[in-house]
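Asks:
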Amino acid sequence: MLSHLSQKNRNSIILSHLGAIITVAIWGGSFVSTKVLLDHGMNPAEIYVYRFALAYVLILFMSHARLWANSVRDELLFALCGITGGSIYFLAENTALEYTLTTNVSLLTSTSPLIISLIVGILYKSERPNKGMLMGSFIAFIGVGCVIFNSSFNLQVRPLGDVLSILAAFSWAIYSLVLRKINVVYDLWFITRKTFFYGVLTAIPFVLSKPLNNPLELLGDSSILVNLLFLGIGASMIAYYLWAKIIKQVGAVKANNYMYLQSIFTLIISAIAIHERISIVGILGCCLILGGLWIGDRLSQSWRNK
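Just so you know, the sequence shown maps onto residues 10 to 315 in this note's numbering.
(1) Please look up how many angstroms separate the CB atoms of Cys4 and Leu173, rounded, as I've assumed it's under 8 angstroms.
(2) Can you tell me where the alpha helix (DSSP H) with Asp196 in it begins and where it stops?
(3) Just to confirm, are Leu276 and Ala149 a CB contact at a threshold of 9 angstroms?
(4) When we look at the beta-carbon of Ile22 and count the other beta-carbons within 10 Å, is it buried (16 or more) or exposed?
(5) What's the gap between the Cα of Gly37 and the Cα of Ala74?
(6) Can the beta-carbon of Val97 be found less than 9 angstroms from the beta-carbon of Ala182?
(7) DSSP three-state call for Leu76: helix, strand or coil?
(8) Could you tell me if Glu102 is buried or exposed, where buried requires 16 or more neighbouring beta carbons within 10 angstroms of its beta carbon?
(9) Helix, strand or coil for Ser272? Go by DSSP, reduced to three states.
(10) Under the three-state reduction of DSSP, which class applies to Ser279: helix, strand or coil?
(11) Could you compute how far the alpha carbon of Asn20 sits from the alpha carbon of Ile200?
(12) Buried or exposed: Arg60, going by 16 or more other Cβ atoms within 10 Å of its Cβ?
(13) In the DSSP assignment, find the unbroken alpha helix (DSSP H) run with Ser121 in it and report its ends.
(14) Mapping DSSP to helix, strand and coil, what is Asp230?
(15) Taking the alpha-carbon of Lys190 as reference, which of Leu76, Leu46, Thr104, Asp83 has the nearest alpha-carbon?
(16) Can you look up Arg19 in the DSSP assignment and give me helix, strand or coil?
(17) Between the alpha carbons of Ile281 and Phe274, how many angstroms are there, rounded?
(18) Along the chain, where does the alpha helix (DSSP H) that runs through Lys263 open and close?
(19) With DSSP collapsed to three states, give me the class of Tyr250.
(20) Verify whether the separation of the beta carbon atoms of Ala64 and Phe215 is less than 9 angstroms.
(21) Within a Cβ cutoff of 7 angstroms, which residues of the same chain sit near Met71, ignoring the five residues on either side of it in sequence?
(22) Quick one: Cα of Tyr108 to Cα of Val114, how far?
(23) Just to confirm before moving on: does the CB-CB distance between Gly301 and Phe206 stay below 9 angstroms?
(24) Counting C-beta neighbours from all protein chains within 10 Å, is the total for Leu299 16 or more, i.e. buried, or is it exposed?
(25) Can you find the residues in the same chain that come closer than 7 angstroms, C-beta to C-beta, to Gly243, ignoring five residues on each side of it along the sequence?
(26) Tell me the residue span of the alpha helix (DSSP H) that contains Gly91.
(27) In terms of residue numbering, what span does the alpha helix (DSSP H) encompassing Thr104 cover?
(28) For Lys219, does the three-state DSSP call read helix, strand or coil?
(29) In whole angstroms, what is the alpha-carbon distance linking Leu221 and Leu47?
(30) May I ask whether a heavy atom of the ligand PLP can be found less than 8 angstroms away from the beta carbon of Gly170?
Below, the structure written as structure tokens:
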């Protein structure tokens, strides 16, 4: 019986890690889809609201019996999820795509695991990062510097896109930590639905501040329609549900370590789909970020075993 339960737990963990890779791969592709929509004249807030509103309506068909959380405090936590994992994150990320390379945004937003590790270390003494993790983080931050240099050197763009990308990474770290707190109490579809609701609600002022495109004209363009459907169904509804499930299974820190792989998927997809060129410096930055993660994990295990 114990052996059966142990095998079941191992299978569940394996599926969680596989789900994390699939989710991050989808999000890696979402940068390219967003870039395509920006190139078609849609503004960042418009893209975000359309994708989240579509996901919210679809989830509403599956999760509509319950309206409110158990308490005002929990309702505020859901609002925080919508802001940090929704409006702030995507408005910063989508705007960053207007000022820098798709791969730059993907790589810089992938620093959220480092931020989460530091925040968890501050909040929970038992989980403070050890020397191995700090060394890996330092190497990864050097990689971040290479990515920023790659953007500025090749395209002479303003650093605004890079700063917004880092802001998005910090916002995502907060979202993952709040999600860690509430997903032990609430149904995952309910959590995802509430996140989308508050995400759309808090983004409405940004949408109304700029002229909107005609929705009928947008949907009449097959390229726009396909990318919006991918962002709404794949990168929002499915990916957010999987992410909540993964964090519940393996924790916020371990789950977010997979965010580093996002840059690899974005590199491949952007090179194939929109022919973005990446310099050697950019590739070096990617290697340093991923290498920093691996070194930090290996050294952390060594220090724990001493």
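Don't be surprised by glycine CBs; every beta carbon is placed ideally from N, CA and C.
Replies: By the coordinates alone:
(1) In this structure the chain extends from 10 to 315, so residue 4 is not present and cannot be described.
(2) Translated into the one-based positions of the sequence shown, residue 196 becomes position 187. It is not in any alpha helix (DSSP H) - Asp196 carries neither H nor E in the DSSP assignment.
(3) Position 267 of the sequence shown, counted from the start, is the residue given in the question as residue 276. Position 140 of the sequence shown, counted from the start, is the residue given in the question as residue 149. No, the pair does not count as a contact, with Cβ atoms beyond the cut-off.
(4) Mapped onto the sequence shown, residue 22 falls at position 13. Exposed, by the Cβ-count rule.
(5) Taking the sequence shown and counting its residues from 1, one reaches residue 37 at position 28. Taking the sequence shown and counting its residues from 1, one reaches residue 74 at position 65. For Gly37 and Ala74, the distance between alpha carbons rounds to 33 angstroms.
(6) Translated into the one-based positions of the sequence shown, residue 97 becomes position 88. Translated into the one-based positions of the sequence shown, residue 182 becomes position 173. According to the sequence displayed, residue 97 carries Ile and not Val. In this structure, Ala182 does not lie closer than 9 angstroms to Ile97 by Cβ.
(7) Position 67 of the sequence shown, counted from the start, is the residue given in the question as residue 76. Coil, per DSSP.
(8) Here the question's residue 102 lines up with position 93 in the sequence shown. Buried.
(9) Counting from 1 along the sequence shown, the entry for residue 272 is found at position 263. The answer is helix: DSSP assigns Ser272 an H, G or I state.
(10) For the purposes of this step, residue 279 is identified with residue 270 of the sequence shown, where counting begins at 1. Of the three classes helix, strand and coil, the one that applies to Ser279 here is helix, per DSSP.
(11) Counting from 1 along the sequence shown, the entry for residue 20 is found at position 11. Counting from 1 along the sequence shown, the entry for residue 200 is found at position 191. Roughly 25 angstroms between the two C-alpha positions.
(12) Mapped onto the sequence shown, residue 60 falls at position 51. Looking at its Cβ environment, which holds 16 or more other Cβ atoms inside 10 Å, Arg60 is buried.
(13) If you number the sequence shown from 1, residue 121 lands on position 112. Note, Ser121: alpha helix (DSSP H), 121-132.
(14) Along the sequence shown, read from residue 1 onward, the residue named residue 230 stands at position 221. If DSSP states are grouped into helix, strand and coil, Asp230 belongs with coil.
(15) Against the sequence shown, residue 190 aligns to sequence position 181. Closest by alpha carbon: Asp83.
(16) As a working note, residue 19 is residue 10 in the sequence shown. Arg19: helix per DSSP, three-state reduction.
(17) Translated into positions along the sequence shown, residue 281 becomes position 272. Translated into positions along the sequence shown, residue 274 becomes position 265. Rounded to the nearest angstrom, the two C-alpha atoms are 11 angstroms apart.
(18) Within the sequence shown, the letter at position 254 stands for residue 263. 261-266 is the extent of the alpha helix (DSSP H) around Lys263.
(19) Translated into positions along the sequence shown, residue 250 becomes position 241. The answer is helix: DSSP assigns Tyr250 an H, G or I state.
(20) Here residue 64 corresponds to residue number 55 of the sequence shown, with the count starting at 1. Here residue 215 corresponds to residue number 206 of the sequence shown, with the count starting at 1. No, the Cβ-Cβ distance between Ala64 and Phe215 is not below 9 angstroms.
(21) Along the sequence shown, read from residue 1 onward, the residue named residue 71 stands at position 62. Contacts found: Trp198.
(22) Taking the first residue of the sequence shown as 1, we reach residue 108 at position 99. Taking the first residue of the sequence shown as 1, we reach residue 114 at position 105. Computed Cα separation, rounded: 9 angstroms.
(23) Here residue 301 corresponds to residue number 292 of the sequence shown, with the count starting at 1. Here residue 206 corresponds to residue number 197 of the sequence shown, with the count starting at 1. No, Cβ-Cβ distance for Gly301 and Phe206 is not below 9 angstroms.
(24) By 1-based counting over the sequence shown, the position of residue 299 is 290. Its Cβ being crowded by 16 or more others within 10 Å, Leu299 is buried.
(25) Your numbering for residue 243 matches position 234 in the sequence shown. So the qualifying residues of the chain are Ile35.
(26) For the purposes of this step, residue 91 is taken as the residue at position 82 of the sequence shown. Segment 81-91, the alpha helix (DSSP H) holding Gly91.
(27) On the sequence shown, position 95 is the one that residue 104 refers to. Where Thr104 is concerned, the enclosing alpha helix (DSSP H) stretches over 97-105.
(28) Counting from 1 along the sequence shown, the entry for residue 219 is found at position 210. Reduced to three states, the DSSP call for Lys219 is coil.
(29) What you label residue 221 is simply residue 212 of the sequence shown in a count that begins at 1. What you label residue 47 is simply residue 38 of the sequence shown in a count that begins at 1. Going from the Cα of Leu221 to the Cα of Leu47 covers about 13 angstroms.
(30) As far as ligands go, the structure on display features none, and thus does not contain the ligand PLP.
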